[in-house]
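Numbering (this note's numbering), first residue to last: 133 to 848.
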C-alpha cells in the first residue's frame, strides 16, 4: 500500500503549467465579465462554465491535435447542456440517458486518455444541467452559450499557432535530445527499460501531426527526430560494446578514451537540446567534433597486439563510433540551420488521415472492448450503474443540490483501484478544504461582483496551473471555484457549504462502494498486458531479423513502426505493474515476481536493439542459415509464451531449445571474427532472457509445474 499513499502526496512539478493556466483563466473570465457588463450574469456564467469544461482538455501538444480535441469537447459539452436542461424534468428518461451516456464515457478509456477525459467532462456537464430543467428555447440558448465559451477557450489555445507554429514539436525534440544527453552520461543497466523511452514516444506522437507538412522547417524537425532515433540506437550499441571491452580486459587507454567520447557526445547533445528550447542556433564547442574524431583515431590505433575477442569488439566499437559521430554532425547542422539536409519520407499514416476517418478508426477498438474481460467494458458497466443509482438517490432525497452526488461519482470512479480510491480520499478531503477556504474568504472580503470575479480568476489560475500536479490541489481549488461561480448566480457560500459537503460524501462513498462491489484488479489484467508486450517484441524482432537476413532491402518503415509499438507496450506493462503494487492484499512475492519479469523483458529488448544497431554498418554480411533457424524459434517462443499468458496449455518441454539453436549458431561461420561476433553475443543474451522469462512465467502460473523440467537446466 506504500505506492497508494505515495500517489496521494505526489506532486509532479513537470505538470505545473502557468502559461496554459493563464490563457484558460482568460477564457473563463472574459465571458463572465462580458455577461455582467451586459446585464446577463446567468448567460455569462453558462458560457464561462463551457470555457471551464473545455479548459480541462487543453494541453501543450501540437496545435492541430489540440484544436481538434477542444472543438470536439466544446460540441459534446454543448450537447450535454442542452440534453440535460431539456430532459432534466423527466426523471425516468433522464436516468436512462445518463446510464447510456455513462456507459459510452466509460468505454472511451479503451481509446485513449484524451477521449476518456472528454467523456467524463461531458457526463459531469449532463448531470449538472439536468438538475436545472429549462424550457426548450432556454435549453438551446444555454447549449449555444456553452458552445461559444468552449470555442472561445479553444481559440485562445491555438491563438499563437501562426506565431509559434512548431513550438510543441521543438519542445518535444528538446526533451528527447536532453534525454539522449543523459543516456550518454549514464552507465548501461540491462535490467531497466532503455532510456528516453517516454521522450521518444512523446516526440513520435507530437511530430506525427506534421508528417504531411512539406515546409523546410517541418522537414528539418522530422529529420532531427530520425537522427535522434539513430543516435539512440548507436548510443545503446556503443554502451554495450564498452561493457564488452571491460569484460575482455581491454587496455585502459581504450576505455578512458571511450569515456571521454561519451562525455563530449553528451555535451553536444545537450547543446542541441538548449538550442531547440530557445529556438536559436546551436552554441557548441567548435573543437568537440574534431576531438571526437581524434578519439576515434586513438582508439583505432590502440590495439595492435590484442586478442581475437578484443579485436572483434573493438572493430564493432569503431563502426559505432564513426556512425555516432556522423549522426551527431548531422543533428548539429540541422539544429543550427533551416535548410534540411537530405530527404525523409517519414510516414505517419494516422496523422495523414482526415479527422472523421480517425474517429471511425476508434470504432473497432470500442467493439473489441465490448466484453466482460475488458477493463474498459467493466468500467463502463460499473460507471453506468453507479450514475443511474446516483441519479435515483439524488431524486429521491429531499436534500439541496443533490446533483453533486452523481457528479462526484462520475469524477471519482476510474477503471483501476489506485485512481479510484486515491481520488476518493483526495476528493473528500479537498472538497472540505476548498469549501472552508472559499467560505472564509467570502466572509472576510466584501460581497460584490468585483470580489467574486477576482476570486474566480485566482482559483481558475491555481486550478489549471497547479491542479494537474496533484489531485488534492485540483479538488481544493475547483471546490473553491464552484463556490465563487455560484456566488455570481446569487447563491451565498453559507447556502452551499453544508449541502455540497454532504452530497460529495454521498457521491464519493457510492463510487467507492461500486468499485469495491465489482473490482477490476490489475493483477488479473497484467498477464494480458505482458502478452501484448511479447507480441509487440515478436513483431519488432521479426523486422530486425528480416533486415539482417536481407541487408540491402530498405525496411526502415517496418523497423520504425514495430519499434514504436514495442515502446508503447513496454510503458503499458510498467504502468500495469506499478498499479498492481498499489493494490491491497497483493503479496510482496507476487509484486517481486512481476518486477523480475519486467527486468527480464528489458534485458531482452536491449539485445534486440543492439542487433538493429548493427544494421548501421556498411559492410554488414547476410545472416547465416543457422540464424534463420534461431530467429524462427525466437518468434515461436515469444508467441507460445504470449499464448500461455492468455490461458493456452503450454509445458516447458513444448518450447524450442534456444540454447541448442545458439550452439548451432556458434558452430556455423567464422564465429571468432568480427563478422558475426555481435550477433553471437546478442543471440546468447536473447536465449538467456527468453529462457529466464519462460521459467518466470511458468512459475507465476504454477510454481510446482516446472520442477524438474529441462528448462531450468537450460536456463542455468
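Ideal Cβ positions, reconstructed from N, Cα and C, are used throughout, including at glycine.
Tell me which residues share the same chain as residue i and place their Cβ nearer than 7 Å to its Cβ, disregarding the 5 neighbours each side in the sequence.
{"i": "residue 886", "result": "As shown, the chain starts at 133 and ends at 848. That puts residue 886 outside it, with no answer to give."}
{"i": "residue 661", "result": "704, 705 and 708"}
{"i": "residue 168", "result": "176 and 581"}
{"i": "residue 227", "result": "520, 523 and 524"}
Given a cut-off of 8 Å, decide if residue j and residue i are closer than it, judged by their beta-carbon atoms.
{"i": "residue 377", "j": "residue 442", "result": "yes"}
{"i": "residue 237", "j": "residue 218", "result": "no"}
{"i": "residue 743", "j": "residue 680", "result": "yes"}
{"i": "residue 207", "j": "residue 279", "result": "yes"}
{"i": "residue 365", "j": "residue 414", "result": "no"}
{"i": "residue 239", "j": "residue 521", "result": "no"}
{"i": "residue 533", "j": "residue 643", "result": "no"}
{"i": "residue 246", "j": "residue 189", "result": "yes"}
{"i": "residue 604", "j": "residue 573", "result": "no"}
{"i": "residue 652", "j": "residue 547", "result": "yes"}
Buried or exposed: residue i, going by 16 or more other Cβ atoms within 10 Å of its Cβ?
{"i": "residue 281", "result": "buried"}
{"i": "residue 481", "result": "Confidence in residue 481 is poor, its pLDDT being 41 and thus under 50, which makes the residue's placement too unreliable to answer from."}
{"i": "residue 156", "result": "buried"}
{"i": "residue 423", "result": "exposed"}
{"i": "residue 407", "result": "buried"}
{"i": "residue 503", "result": "exposed"}
{"i": "residue 143", "result": "exposed"}
{"i": "residue 779", "result": "exposed"}
{"i": "residue 307", "result": "buried"}
{"i": "residue 83", "result": "Only positions 133 to 848 of the chain appear in this structure, which leaves residue 83 out of reach."}
{"i": "residue 495", "result": "exposed"}
{"i": "residue 361", "result": "buried"}
{"i": "residue 511", "result": "buried"}
{"i": "residue 691", "result": "buried"}
{"i": "residue 650", "result": "exposed"}
{"i": "residue 535", "result": "buried"}
{"i": "residue 351", "result": "buried"}
{"i": "residue 639", "result": "buried"}
{"i": "residue 635", "result": "buried"}
Output needed for residue i: all residues of its chain with C-beta closer than 6 Å, excluding positions within five of it in sequence on either side, in chain order.
{"i": "residue 858", "result": "Only positions 133 to 848 of the chain appear in the structure, and residue 858 is not among them; the question remains open."}
{"i": "residue 394", "result": "316"}
{"i": "residue 164", "result": "176 and 180"}
{"i": "residue 612", "result": "566, 569, 570 and 591"}
{"i": "residue 729", "result": "828"}
{"i": "residue 508", "result": "239, 241, 242 and 501"}
{"i": "residue 668", "result": "697, 698 and 701"}
{"i": "residue 409", "result": "306"}
{"i": "residue 263", "result": "535"}
{"i": "residue 614", "result": "none"}
Using the three-state DSSP reduction, which class does residue i fall into: helix, strand or coil?
{"i": "residue 650", "result": "coil"}
{"i": "residue 575", "result": "helix"}
{"i": "residue 307", "result": "helix"}
{"i": "residue 381", "result": "coil"}
{"i": "residue 766", "result": "helix"}
{"i": "residue 204", "result": "helix"}
{"i": "residue 708", "result": "helix"}
{"i": "residue 740", "result": "helix"}
{"i": "residue 686", "result": "coil"}
{"i": "residue 266", "result": "coil"}
{"i": "residue 532", "result": "coil"}
{"i": "residue 438", "result": "coil"}
{"i": "residue 793", "result": "helix"}
{"i": "residue 171", "result": "coil"}
{"i": "residue 783", "result": "coil"}
{"i": "residue 505", "result": "coil"}
{"i": "residue 284", "result": "helix"}
{"i": "residue 293", "result": "coil"}
{"i": "residue 544", "result": "helix"}
So residue i and residue j are in contact, right, with Cβ under 8 Å, and what is the actual spacing, rounded?
{"i": "residue 336", "j": "residue 696", "result": "6 Å"}
{"i": "residue 678", "j": "residue 664", "result": "About 21 Å separates the two Cβ atoms, so there is no contact after all."}
{"i": "residue 288", "j": "residue 158", "result": "6 Å"}
{"i": "residue 790", "j": "residue 819", "result": "4 Å"}
{"i": "residue 420", "j": "residue 400", "result": "6 Å"}
{"i": "residue 405", "j": "residue 309", "result": "4 Å"}
{"i": "residue 815", "j": "residue 762", "result": "6 Å"}
{"i": "residue 256", "j": "residue 230", "result": "11 Å between Cβ atoms; not a contact."}
{"i": "residue 275", "j": "residue 186", "result": "Wrong, their Cβ atoms sit about 14 Å apart, outside the cutoff."}
{"i": "residue 191", "j": "residue 302", "result": "Not quite, the Cβ-Cβ distance comes to about 16 Å (not below 8 Å), so this is no contact."}
Please return the same chain residues whose Cβ sits closer than 8 Å to the Cβ of residue i, not counting the five positions on each side in sequence.
{"i": "residue 430", "result": "385 and 389"}
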